[in-house]
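Step one of this worksheet: look at the structure below.
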Amino acid sequence: GYIPVVTAGKDYKAVCPFHNDTRPSLQVSRQYQNFRCWSCGQTGDVFEFVMKFEKVSFGEAIRMLADRAGIKLDGASSPQDEVRSRLIRATKWAEEKYR
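Right, here's the structure in full:
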């Protein structure tokens, strides 16, 4: 949902959002559930992708993905994380409205 991907055999490919790219150099593997950019070398799983793309911590990435999937997470989080999560959601809302 972050970048447009196209099917490339058994995997997907896309233009890498982590560097100034014009050709699809990012490969997303269904089998291994990870991504790799063959130009800039960025690799990781879905959590790493969200952390790098959104510039958030691991805990915030988990919360963002859980919200997106409709999964309720148990456990307390720090008040600073809650404030940051609310600010991120507000920024995303504003971005969508003013795009």
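Using the numbering used here, the first residue of the sequence shown is number 424, and each one after it goes up by one.
Virtual Cβ for every residue (Gly too), placed ideally from N, Cα, C.
Can you give me the C-alpha to C-alpha distance between I426 and K475, rounded to a whole angstrom? As a position in the sequence shown, residue 426 is number 3, starting the count at 1. As a position in the sequence shown, residue 475 is number 52, starting the count at 1. About 13 angstroms.
Since P502 is in the alpha helix (DSSP H), which residue starts that stretch and which ends it? The count along the sequence shown starts at 1 and reaches residue 502 at position 79. That run of the alpha helix (DSSP H) goes P502 to Y521.
Assumed close pair D468, Q456 - CB separation to whole angstroms, cut-off 8 angstroms: Mapped onto the sequence shown, residue 468 falls at position 45. Mapped onto the sequence shown, residue 456 falls at position 33. Contact flag correct, Cβ pair sits at about 6 angstroms.
Between the CA atoms of R459 and K515 - distance to the nearest angstrom: As a working mapping, residue 515 is identified with position 92 in the sequence shown. As a working mapping, residue 459 is identified with position 36 in the sequence shown. Taking the straight line from one Cα to the other gives about 26 angstroms.
Quick check on Q503: buried or exposed, where buried means 16 or more other Cβ atoms within 10 Å of its Cβ? The residue given as residue 503 occupies position 80 in the sequence shown. Exposed is the call here.
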